[in-house]
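Please read the structure below before turning to the comments.
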């Protein structure tokens, strides 16, 4: 009998994942760059904007190099090191980075337990779509923790038990039928597809695990391999996730799609939440709030999180609670992943025509619903496009752009300009269109 770990390796030796053309670049895809960024993770932890230049980044389970390239493009000037148990995957990853002219990158075929053998300390560790396939998640997290720099951050994720239940049931079916005794290939894939297509449409497994995806995906062998015939696949809950972090001496920082885990968004009237449930919302326990969300609305495939060494996280304080004395010297940074020619062109057009800027058409990672930016907000974005500037500088520029109070037609005062800029920045920082670094 082949053990689970060997089957996982054998599967990824046979099917290099993900199957993305080597020519594909992600430089114009801010939603992807944002979640692979050491800048994003550090800002959410400490409200500081760092320069990725010179950072050393580890990509655990690098596969075909898709995430390694994303890490290189999201963190200019960083050194990328990728590891994977599959030799063919490592070879493909190396070719991908070289194709895109990233020479400060290296790849190793090795087990996650052997990370200390690299004799390196990492500022950022990416472990995407890997942890849930390993036989011992705590041991893997401890191995990553041992090579994490004191200020370093780990991004890792687990399959969501409740969201993936239909696929786990499907996997049990194919195991029962003997299709997963060894690593599945094209024959097993075709058998799965044939059986699903022959079932009545009302059969639960078909409606939930087959019809829940579109025809194009169902026609893809890769989709069948990584969902219905995936060796070693396991699901977890958020309490299990927090238990793993505690056992690995790691501290939770944030969910990667943190905006989407806000319990308030589940209620029709956010101002009229039942008192009994409001007690949960008022709790300081991230574990409690995330578990409540997971039970109410398990729609995300991944429990995708950032973590680091204990004691490094600074409690995030919303800028709307800052004292006015903090603001003048606060530095305003454009989210670096918005700095794309297509976004700039659309932004300038919206400003010139005094029309709302549909920023969600380009960047939607931090929004629940589309958010059109007012002309005032769009102008603020434009003012920090080329370089970060202080709020005091923004206020001075705003007085030149809008010298009169529109309602009174009297000259706008500096206090009025400050109030307008402050409120605009608070609204945009809430969705990380800008990042604010207080100097106080």
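Residue numbers (the working numbering): 14 to 453. Cβ coordinates follow ideal geometry from the N, Cα and C atoms, glycine included.
- Annotation: the continuous beta strand (DSSP E) that includes residue 346 extends over 344 to 347.
- With a cut-off of 8 Å on Cβ pairs, the stretch 206 to 215 is not in contact with the stretch 141 to 157, counting fewer than three such pairs.
- Rounded to whole angstroms, the separation of the alpha carbons of residue 409 and residue 416 is 10 Å.
- For residue 378, no alpha helix (DSSP H) run applies, since DSSP gives it neither H nor E.
- Note on residue 332: 16 or more other CB atoms within 10 angstroms of its CB, so buried under the neighbour-count rule.
- Take the alpha-carbon of residue 323 and the one of residue 120: they are about 29 Å apart.
- A direct Cα-Cα distance of roughly 7 Å separates residue 402 from residue 346.
- Nearest in C-alpha terms to residue 447, of all of 22, 62, 24, 282, is 62.
- In the structure shown, residue 373 falls within a helical segment according to DSSP collapsed to helix, strand and coil.
- When DSSP states are grouped into helix, strand and coil, residue 327 belongs to the coil group.
- In this structure, the alpha-carbon of residue 198 lies about 51 Å from that of residue 361.
- In the DSSP assignment, residue 211 falls outside any beta strand (DSSP E) and lies within the alpha helix (DSSP H) extending over 199 to 211.
- Inter-residue distance for residue 97 and residue 45 is about 21 Å (C-alpha atoms, whole angstroms).
- Non-local C-beta neighbours of residue 169 in its own chain, meaning closer than 6 Å and more than five positions away in sequence, comprise 140, 144, ordered along the chain.
- Per DSSP, the continuous alpha helix (DSSP H) segment holding residue 240 begins and ends at 234 to 240.
- Nearest Cα to residue 380 within the set 442, 248, 325, 183: 442.
- Looking at the DSSP output, residue 69 bridges to 92.
- Contact annotation: the stretch 28 to 44 touches the stretch 366 to 383, with at least three C-beta pairs closer than 8 Å.
- Non-local C-beta neighbours of residue 128 in its own chain, meaning closer than 8 Å and more than five positions away in sequence, comprise 71, 73, 96, 156, 157, 159, 160, ordered along the chain.
- Contact between the stretch 230 to 243 and the stretch 26 to 39 is present: 3 or more CB-CB pairs across the two stretches fall below 8 Å.
- In this structure, residue 101 lies near residue 26, with their beta-carbon atoms less than 8 Å apart.
- When DSSP reads this structure, residue 249 sits in a beta bridge with 173.
- Boundaries of the beta strand (DSSP E) harbouring residue 121: 118 to 122, taken from the DSSP string.
- When secondary structure is reduced to three states using DSSP, residue 29 falls in the coil class, being assigned neither helix nor strand.
- The three-state reading of DSSP puts residue 315 in strand, counting E and B together.
- Remark: C-beta atoms of residue 389 and residue 429 do not approach each other more closely than 8 Å.
- By the Cβ criterion, the stretch 73 to 89 is in contact with the stretch 106 to 118, since at least three pairs of Cβ atoms, one from each stretch, lie closer than 8 Å.
- Classified as buried, residue 65 has 16 or more neighbouring CB atoms from the shown chains inside 10 Å of its CB.
- Proximity to residue 165 across 149, 173, 186, 138 peaks at 138, based on C-alpha coordinates.
- Under the Cβ criterion (8 Å, minimum of three pairs), the stretch 419 to 426 does not count as touching the stretch 349 to 365.
- Annotated as distal: residue 178 and residue 250, with beta-carbon spacing of 8 Å or more.
- The beta carbon of residue 293 sits closer than 8 Å to those of 276, 301, 302, 305, all from its chain and outside the five residues before and after it, given in chain order.
- Considered as a whole, the stretch 381 to 412 harbours 388 to 396 as its complete alpha helix (DSSP H) runs of no fewer than 4 residues, in chain order.
- Residue 340 and residue 387 have their C-alpha atoms roughly 22 Å apart.
- Per DSSP, residue 224 is not a residue of any alpha helix (DSSP H), being assigned neither H nor E.
- Bridge pairing for residue 424: 417 [DSSP].
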